[in-house]
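Student:
4 protein chains.
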Amino acid sequence: MGFDRKEYEFLGEIGLGPTNVGCFIDGKWKASGSEVSSVNPSNNQAIAKIREASMGDYEEGMRACSEAAKTWMNIPAPKRGEIVRQIGEAFRAKLEHLGRLVSLEMGKILAEGIGEVQEIIDMCDYAVGLSRQLNGSIIPSERPEHMMLEVWNPLGIVGVITAFNFPCAVLGWNACIALVCGNCVVWKGAPTTPLVTIAVTKLVAEVLAKNNLPGAIFSSFCGGAEIGQAIAKDTRIPLVSFTGSSKVGLMVRQTVSERFGKCLLELSGNNAIIVMDDADIALAVRSILFAAVGTAGQRCTTCRRLYLQESIYENALDQLVEAYKQVRVGDPLEKGTLVGPLHTRASRESFEKGIGTIKSQGGKILVGGSVMESEGNFVQPTIIEITPDASVVKEELFAPVLYVMKFKSLEEAIEMNNSVPQGLSSSIFTRRPEVIFKWIGPCGSDCGIVNVNIPTNGAEIGGAFGGEKATGGGREAGSDSWKQYMRRSTCTINYGNELPLAQGINFG
Amino acid sequence: MGFDRKEYEFLGEIGLGPTNVGCFIDGKWKASGSEVSSVNPSNNQAIAKIREASMGDYEEGMRACSEAAKTWMNIPAPKRGEIVRQIGEAFRAKLEHLGRLVSLEMGKILAEGIGEVQEIIDMCDYAVGLSRQLNGSIIPSERPEHMMLEVWNPLGIVGVITAFNFPCAVLGWNACIALVCGNCVVWKGAPTTPLVTIAVTKLVAEVLAKNNLPGAIFSSFCGGAEIGQAIAKDTRIPLVSFTGSSKVGLMVRQTVSERFGKCLLELSGNNAIIVMDDADIALAVRSILFAAVGTAGQRCTTCRRLYLQESIYENALDQLVEAYKQVRVGDPLEKGTLVGPLHTRASRESFEKGIGTIKSQGGKILVGGSVMESEGNFVQPTIIEITPDASVVKEELFAPVLYVMKFKSLEEAIEMNNSVPQGLSSSIFTRRPEVIFKWIGPCGSDCGIVNVNIPTNGAEIGGAFGGEKATGGGREAGSDSWKQYMRRSTCTINYGNELPLAQGINFG
Amino acid sequence: MGFDRKEYEFLGEIGLGPTNVGCFIDGKWKASGSEVSSVNPSNNQAIAKIREASMGDYEEGMRACSEAAKTWMNIPAPKRGEIVRQIGEAFRAKLEHLGRLVSLEMGKILAEGIGEVQEIIDMCDYAVGLSRQLNGSIIPSERPEHMMLEVWNPLGIVGVITAFNFPCAVLGWNACIALVCGNCVVWKGAPTTPLVTIAVTKLVAEVLAKNNLPGAIFSSFCGGAEIGQAIAKDTRIPLVSFTGSSKVGLMVRQTVSERFGKCLLELSGNNAIIVMDDADIALAVRSILFAAVGTAGQRCTTCRRLYLQESIYENALDQLVEAYKQVRVGDPLEKGTLVGPLHTRASRESFEKGIGTIKSQGGKILVGGSVMESEGNFVQPTIIEITPDASVVKEELFAPVLYVMKFKSLEEAIEMNNSVPQGLSSSIFTRRPEVIFKWIGPCGSDCGIVNVNIPTNGAEIGGAFGGEKATGGGREAGSDSWKQYMRRSTCTINYGNELPLAQGINFG
Amino acid sequence: MGFDRKEYEFLGEIGLGPTNVGCFIDGKWKASGSEVSSVNPSNNQAIAKIREASMGDYEEGMRACSEAAKTWMNIPAPKRGEIVRQIGEAFRAKLEHLGRLVSLEMGKILAEGIGEVQEIIDMCDYAVGLSRQLNGSIIPSERPEHMMLEVWNPLGIVGVITAFNFPCAVLGWNACIALVCGNCVVWKGAPTTPLVTIAVTKLVAEVLAKNNLPGAIFSSFCGGAEIGQAIAKDTRIPLVSFTGSSKVGLMVRQTVSERFGKCLLELSGNNAIIVMDDADIALAVRSILFAAVGTAGQRCTTCRRLYLQESIYENALDQLVEAYKQVRVGDPLEKGTLVGPLHTRASRESFEKGIGTIKSQGGKILVGGSVMESEGNFVQPTIIEITPDASVVKEELFAPVLYVMKFKSLEEAIEMNNSVPQGLSSSIFTRRPEVIFKWIGPCGSDCGIVNVNIPTNGAEIGGAFGGEKATGGGREAGSDSWKQYMRRSTCTINYGNELPLAQGINFG
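So the protein sequences, as listed, match chains A, B, C and D.
First residue of the first sequence: 0, per numbering that gives the first Met the number 0; consecutive thereafter.
First residue of the second sequence: 0, per numbering that gives the first Met the number 0; consecutive thereafter.
First residue of the third sequence: 0, per numbering that gives the first Met the number 0; consecutive thereafter.
First residue of the fourth sequence: 0, per numbering that gives the first Met the number 0; consecutive thereafter.
1. Any residues in the region 231 to 254 of chain B with a beta carbon nearer than 9 Å to a beta carbon of chain A? Which ones, in chain order?
2. For the putative contact between Glu-459(A) and Glu-257(B), defined by C-beta atoms under 8 Å, what is the C-beta separation to the nearest angstrom?
3. Helix, strand or coil: how does DSSP classify Arg-4(C) here?
4. Any contact of the region 131 to 151 of chain B with the region 120 to 136 of chain C, i.e. 3+ C-beta pairs under 8 Å?
5. Closest to Val-419(B) by CA distance: which of Asn-19(B), Gln-483(B), Ser-267(B) and Asp-56(B) is it?
6. Going straight from the alpha carbon of Trp-28(C) to that of Glu-58(D), what length do you get?
7. With DSSP as the reference, identify every bridge partner of His-145(C), one or two as the case may be.
8. Per DSSP, what kind of secondary structure is Ser-426(D) in: helix, strand or coil?
9. Is there a Cβ of chain D sitting closer than 9 Å to that of Pro-77(B), yes or no?
10. For chain D, is any of its Cβ atoms less than 9 Å away from the one on Glu-497(A)?
11. For Glu-467(C), go through chain D and note every residue whose CB falls closer than 7 Å to its CB, in chain order.
12. Looking at C-alpha atoms only, which residue of Trp-172(A), Glu-8(A) and Gly-171(A) is the closest neighbour of Leu-103(A)?
13. In whole angstroms, what separates the C-alpha of Arg-62(C) from that of Ala-271(D)?
14. Taking the beta strand (DSSP E) that Thr-242(C) falls in, what are its first and last residues?
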């Protein structure tokens with residue numbers, strides 16, 4: 000009754016088996032949808048089986064969740080924080096195992112898998128503090144014996160639809176905040192990472208059970224587009240947080256808008272790094288490498304466009320090509336590997352097709368450019384020399400493909416940076432204050448993330464994460480992101496006996 | 000060459016004549032669209048003529064505005080504040096005249112017309128202070144020699160589409176904030192209040208000219224749906240602030256979303272007042288009267304639903320009916336008038352049709368219910384006794400029609416309050432703290448405005464104004480509403496020589 | 000080599016023995032001052048011996064601390080937060096034992112002893128979140144190409160002098176915040192609670208050691224006034240947080256001011272409860288009981304003055320006297336005990352002397368009034384009927400003595416509440432909103448803590464704790480209290496080439 | 000009955016005459032103290048006579064002020080803002096005249112005189128906005144059916160004692176904020192600038208009168224140390240804002256502390272500029288000139304210490320000496336003058352004596368160093384080359400004397416900057432980001448103002464102004480400075496029927 004392979008046995012430590020139930024509804028594990036397999040991207044063989052959610056399961060779960068919402072929103076925020084603290088402790092205890100699972104099922108290298116789980120733990124710690132700081136305001140009223148309050152109340156239920164590339168961290172960003180804010184969470188993980196979804200849910204479920212709280216406070220469904228669409232349409236879910244492509248994200252937004260619900264979108268990125276002629280080239284090259292090949296180019300913050308100022312173009316490019324040649328592609332769980340496989344066979348095909356299009360648009364391959372012969376979905380990290388007007392440069396190819404271009408002036412570089420539909424992340428390398436402050440100012444980068452001398456990826460949780468334009472405009476994690484998970488009431492209380500009107504109006 | 004009527008001559012004091020050019024583009028008054036008349040709702044006769052914007056005018060205006068945006072966003076915020084201060088002074092100097100025009104063209108009583116202009120002045124004063132407080136944050140970074148900043152930058156251009164019922168205050172809410180935030184403003188006023196649009200624009204234009212600033216910083220178009228749609232589709236306008244019905248608002252949102260733009264929506268309200276058995280009935284009755292018949296029931300915050308606790312039902316209703324009988328309907332510019340005409344002939348017809356539907360659904364007219372014989376659009380303030388399940392109760396009839404219903408418990412009253420698609424304003428009358436705090440808490444009113452012992456209407460500018468659900472979710476005026484008019488950049492600056500990664504990840 | 004009594008053996012679990020070293024300096028336990036005993040207030044017998052700090056120890060400790068400060072302030076705040084998180088975990092693991100020690104050495108009942116330790120744990124959780132939110136601001140500059148920042152930096156070293164009544168919670172309030180803010184902490188606990196001081200320090204020390212951090216980041220000295228004065232005078236300590244009497248606190252402030260240092264003072268309280276005629280009397284009586292006899296009247300927030308509105312005076316007083324008669328005084332570690340002994344023999348004498356003075360000023364004893372025959376420092380919880388003009392009413396007698404007085408109107412009650420030199424805590428019982436809002440408004444209570452329908456004591460950590468007037472004006476724990484532990488820099492950076500001046504001044 | 004000189008006649012425009020009453024108490028101008036003359040520092044001749052306040056006047060004024068406080072604190076903050084707006088308009092109308100008076104009576108050049116008045120106007124504009132943003136907080140409570148509020152209430156009366164060097168701007172910083180916060184203001188201007196005090200007070204008084212408000216809301220006393228001391232001792236004044244020397248400021252603080260009042264201190268500065276070897280030398284030289292000789296060296300933010308990195312020492316110093324030689328000293332009202340006289344004869348003597356001491360400590364005069372022969376108090380702007388260990392370098396000589404010193408490394412320069420008792424302002428000139436961020440970080444400048452590439456003086460009102468260490472720790476003008484003018488109440492309201500305790504304590 001064990002796993003096919005011995006190296007999968009650690010999965011037992013985090014509640015997984017060869018076959019798994021993919022739905023946590025009303026505090027119970029049950030599922031009546033179809034059975035699917037989770038596939039190892041390093042060899043395209045099944046790791047384990049999962050029974051997905053049916054629409055009946057969904058409806059049952061949502062009914063329970065709606066009930067649980069009434070309980071959860073009335074628990075004081077700091078008490079909710081205590082639950083999230085315990086969830087953080089549960090993850091801390093399983094950090095290694097869960098990180099290994101992320102690496103195994105998603106394909107990212109182990110250090111990144113563990114880093115992703117660490118991010119949930121950081122989020123829990125952060126959210127605990129936040130649970131005593133979801134502050135409203137008392138605003139001076141212009142009327143005597145009136146008090147004006149801005150009160151923040153829970154929304155009720157938050158739907159979270161996450162993508163394969165961060166199969167658990169994105170859930171963490173959303174759920175930690177949503178929960179302390181007083182919302183129940185309905186989660187649909189990526190269809191290709193069901194084991195992470197189940198393992199994460201189990202940890203949360205145990206904490207709820209231990210505290211005698213309704214399990215339906217956290218409801219989780221393995222499944223595909225049908226479940227996603229149900230969430231988008233469901234009027235019981237005032238907020239849907241969606242991570243995925245701009246194309247699908249737009250459809251989700253239109254669907255949710257139709258019913259006057261709210262969306263929090265984290266969509267496509269197409270992120271650039273600019274290297275100025277005064278930059279620390281070595282620092283830049285290391286950053287570009289991490290930004291472009293990390294997670295095999297499958298981060299939303301992956302650097303896909305590189306702009307080098309003309310006087311350092313050759314030099315910087317030579318160093319970068321040299322660095323690419325050292326990169327070890329292989330089993331993500333093996334020590335020394337920097338780049339694992341793409342997540343699916345389809346991604347590998349997409350890479351191949353993409354390279355074809357690139358060539359047809361005049362792109363010149365400086366390094367890489369091929370898929371690798373293997374059972375898995377491995378491809379070569381690739382650098383392309385191309386002109387800025389090539390249309391591929393404006394699109395997000397979800398693979399380790401980097402376009403390199405040349406520029407003359409800062410203004411030109413910023414214009415190039417801003418010339419794509421997406422607006423997630425961006426970075427400049429320079430040592431001049433005037434460049435730094437222009438870059439982050441009104442005429443600088445138009446992205447949500449605007450870095451200096453660090454890669455486009457690797458955000459800290461204390462800031463707000465997200466992007467502008469086709470990236471969708473949502474903000475997750477730190478800063479005042481929590482406000483998106485609550486509704487705001489402007490309350491004016493008259494505690495006197497008179498009825499003065501605002502703007503000094505006399506009526507009657 | 001003068002006005003038809005002597006009482007219109009004051010319009011000359013605010014830059015209006017018998018015929019007017021309805022477009023302020025690139026700092027010049029010009030228009031090549033069709034000629035329309037502004038009609039006095041008290042007699043349905045023309046006040047003056049206006050040449051509207053053509054699509055060519057629009058395009059010319061937007062090109063100039065895009066240029067002006069580069070200038071305006073680079074002027075320091077406190078200097079922009081100084082311009083807004085001067086705009087406020089310009090309105091202050093014309094308060095009476097402009098208030099009179101609002102009353103004349105829109106139909107609201109003079110006190111409300113002047114109150115509306117006062118609201119712009121208040122907004123200017125507020126925005127001046129804000130111009131030194133558009134604060135970003137410095138957030139502790141987890142990495143040594145890194146600084147994390149949250150920077151707020153201008154969006155560039157903000158489109159503002161306003162409705163007839165507040166022909167200038169809503170512009171004020173948006174433009175004052177948008178301007179200090181560093182954005183140019185493109186304004187389309189309501190097609191039926193072009194004179195207000197022009198007069199307001201003239202005051203702003205003069206201040207810009209006096210300060211040698213491009214007039215295109217503030218661009219204004221008289222026109223209809225075609226211009227509105229152009230704004231919604233225009234990728235040069237990152238934010239569209241729209242005030243109007245939920246139906247049109249949804250269309251605007253979907254259009255703007257298609258191009259990944261942002262919306263700030265202030266849509267339909269269907270606002271309730273709840274009177275508890277312990278309330279100060281006299282205070283409640285005066286509040287209901289102002290809330291239900293003020294502006295002839297054409298405020299988005301107008302009270303349309305009244306819930307009376309059963310034990311005080313008869314008493315409160317009697318007093319209210321009595322109060323309605325005292326209300327003077329008539330020329331809004333005349334002293335003593337409390338209710339002016341509806342804004343258009345169409346509104347009057349809509350009222351008539353609405354009364355028919357109400358009757359067919361079992362509504363019983365307690366007072367009013369008829370249109371009044373006159374040249375103008377006068378209708379009787381109306382109270383309807385009806386059951387909560389009548390479908391008319393869930394819709395916004397933009398006229399002074401109030402539905403009265405009975406309830407037993409606070410819980411039932413809150414459920415009724417929350418049972419409509421809209422979520423703008425709501426109010427409870429009570430003297431019990433436990434009721435007050437429940438009402439403003441997680442299980443209380445689901446509206447954006449949640450009042451106690453004051454009407455549903457008459458918001459102060461210091462708070463955030465707007466509503467949830469089909470009201471659209473936008474927030475204008477005070478609190479942190481300004482953030483919607485800016486874009487947020489999360490900036491991490493590495494000023495050291497090392498490259499530590501977030502979440503402690505080791506890469507390579 | 001064991002403890003005298005078997006019931007003290009649990010002390011071994013938290014690092015204590017029959018003899019102890021009372022100084023943690025430069026990461027080492029060493030002390031060369033005189034040997035003192037810690038005494039059990041229930042029987043006035045020694046629990047264990049402690050070697051106190053000499054002035055030489057102090058100097059050695061401060062030198063190490065000054066060095067450690069350079070390290071600690073350069074560690075990123077979120078990393079400091081991680082250390083505080085581990086400290087919280089260390090306390091969580093020893094919650095029961097440490098709570099028991101607090102109860103044993105201080106004399107408060109076990110539930111309160113454990114509650115006190117829980118408060119440190121809560122503070123740690125809170126401070127972890129705070130470590131990513133010690134936000135500075137970016138303020139719009141009126142000058143082009145200028146950026147204005149408000150940056151918060153660590154002070155370096157914070158001195159914390161705590162009192163016997165909260166031998167560890169007050170350290171927690173200060174140290175958790177001070178540490179995440181980047182400061183080293185120098186702690187002098189109360190001379191009569193050295194075992195708590197040592198046990199707490201050991202837990203912190205272990206965490207520092209485990210993380211290879213200098214132990215001197217947290218320096219701790221058992222000792223008396225000499226060490227306290229050294230801290231007050233020490234120019235290496237920019238901030239001294241002192242908890243104690245107004246008299247000593249004033250001396251500390253003047254000493255620290257002389258050297259232009261800063262103080263955070265938590266001094267005497269003399270707290271009142273007002274009961275209005277519409278109050279829930281049962282709720283009020285339970286609250287008064289907890290507020291007046293909890294911790295045997297030795298909290299700074301203990302209720303010492305009770306104002307009853309005349310119409311409910313008799314009734315409320317009868318119920319209260321009845322409740323007092325049920326209170327069990329005795330061994331604080333025993334189940335069922337509500338009131339333990341006073342902390343020292345001197346406190347007991349002070350109580351006796353106080354009762355004498357009270358009688359001489361016309362106070363009438365309604366219940367209690369005597370010391371209890373025993374080895375320990377037990378006294379009877381006491382209610383005194385007295386007139387407001389008696390001078391004892393204006394002083395803080397640190398014992399369970401409650402003065403009861405009568406009032407007619409709310410205004411009179413507020414005036415009485417505000418008529419004492421101290422301004423820590425206050426509470427009103429009422430069910431009328433107009434009373435609540437007046438009470439918390441400009442003409443209401445002048446205290447730092449202004450409660451409604453809860454006791455004067457038992458603050459949550461999320462708010463700012465502290466009082467006005469002779470209570471010293473400091474604020475600890477939540478809200479923006481952290482700002483007191485940092486220094487603020489207003490930074491203007493010119494990144495352009497021009498030199499525009501503020502206020503538009505032309506110079507040369 | 001006119002002024003002695005024709006050029007003084009403009010004083011009539013701002014309510015001044017040859018003899019003046021120096022006290023505004025209870026809304027009336029009256030004074031019974033001694034008569035003094037205001038002296039023109041350019042010629043040491045009297046401008047006009049002033050009757051100062053007697054202690055009787057003070058007492059009468061304070062009694063009226065205490066009464067007025069009850070009225071003022073109950074007026075809604077935005078309405079108070081409207082009054083401050085009108086005050087701003089009153090100053091705007093008299094900007095030129097008042098600026099001229101400041102220049103005439105204080106001795107600063109006209110551009111600075113007008114700039115000072117502009118600063119009050121800016122403060123008024125700012126305070127108006129603030130009047131709707133004096134926000135308290137609603138903090139999540141850990142107890143069900145409890146609400147925790149942080150409420151800000153007025154203090155009642157704020158005493159403001161200002162110095163001669165900014166005879167009206169400092170009043171503006173304090174009064175604008177104090178007034179919108181709901182406090183009455185009691186002002187004692189400098190004894191040597193009574194005409195400014197009276198003229199400013201008249202403008203405020205007129206606005207109060209026009210609005211039918213008690214004049215005692217703003218009370219003003221011409222007078223000396225006796226009045227100052229009365230304010231410091233007066234228990235009716237919870238906050239005393241004092242600007243002056245560290246020595247006097249410390250005395251004020253100790254006096255105010257004795258009665259548990261609060262101080263806001265703006266004391267001595269001894270401000271340094273550091274010029275790094277990569278700096279824009281021309282920009283630095285212009286900045287140093289403005290910082291060192293502006294206001295004849297009599298700003299608290301005047302640059303008194305200049306640290307030049309060794310490799311650019313000669314070059315920068317040569318340019319600076321050259322610039323000094325161009326500076327025109329003379330009548331401050333004359334066009335082209337950059338440096339007016341010192342304020343008093345005593346200041347001139349102090350300069351002379353200071354130069355003697357400097358020489359005796361080895362200081363070498365590079366330029367200037369002498370008093371100038373004239374009726375007035377003119378002295379030469381002076382540059383001294385000196386070693387850092389000279390004790391004069393640690394003191395504030397209130398005259399245009401600049402000490403120049405050499406340094407090797409950034410660390411050394413920062414240490415030198417931080418080595419004086421004072422901690423007001425500081426500035427570095429550099430083009431390296433790592434230098435900028437270190438300078439504003441934990442190991443950088445320890446001052447309250449930490450500039451980059453701008454002078455030490457010339458602060459904008461949007462930031463918080465003030466300094467650390469012997470500068471007194473107060474913060475005025477922008478940011479959250481307003482909190483110092485209010486008292487904070489942490490309010491917990493129980494609106495339920497239960498009595499849960501914080502930290503989960505069970506009692507009884």
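Glycine included, each C-beta is placed from N, C-alpha and C at the ideal position.
All of these numbers come straight from a predicted model, not from anything done at the bench.
Tutor: Let me lay it out:
1. Legend: CB atoms of the region 231 to 254 of chain B lying less than 9 Å from CB atoms of chain A belong to residues Pro-237, Ser-245, Leu-249, Arg-252 and Gln-253.
2. Walking along the first sequence from the start, residue 459(A) turns up at place 460. Walking along the second sequence from the start, residue 257(B) turns up at place 258. So it is not a contact: roughly 33 Å between Cβ atoms.
3. The residue you call residue 4(C) lines up with position 5 of the third sequence. Correct three-state label for Arg-4(C): coil.
4. Yes: at least three Cβ pairs fall under 8 Å.
5. Translated into positions along the second sequence, residue 419(B) becomes position 420. Nearest option by C-alpha distance: Ser-267(B).
6. The count along the third sequence starts at 1 and reaches residue 28(C) at position 29. The count along the fourth sequence starts at 1 and reaches residue 58(D) at position 59. Using only the alpha carbons, I get a separation of about 59 Å.
7. Locating residue 145(C) in the third sequence gives position 146, counting from the first residue. Note: His-145(C) sits in a beta bridge opposite Asn-493(C).
8. By 1-based counting over the fourth sequence, the position of residue 426(D) is 427. Three-state DSSP puts Ser-426(D) in a strand.
9. Stepping through the second sequence from its first residue, residue 77(B) is reached at position 78. Pro-77(B) counts as touching chain D.
10. Translated into the one-based positions of the first sequence, residue 497(A) becomes position 498. It does not; no Cβ of chain D falls within 9 Å.
11. Walking along the third sequence from the start, residue 467(C) turns up at place 468. Around Glu-467(C), the beta-carbon contacts reaching into chain D at under 7 Å are Arg-486.
12. On the first sequence, residue 103(A) is found 104 positions in, with the first residue counted as 1. Here the closest residue by C-alpha is Glu-8(A).
13. Counting from 1 along the third sequence, the entry for residue 62(C) is found at position 63. Counting from 1 along the fourth sequence, the entry for residue 271(D) is found at position 272. Approximately 28 Å between the Cα atoms of the pair.
14. Against the third sequence, residue 242(C) aligns to sequence position 243. Note, Thr-242(C): beta strand (DSSP E), 238 to 242.
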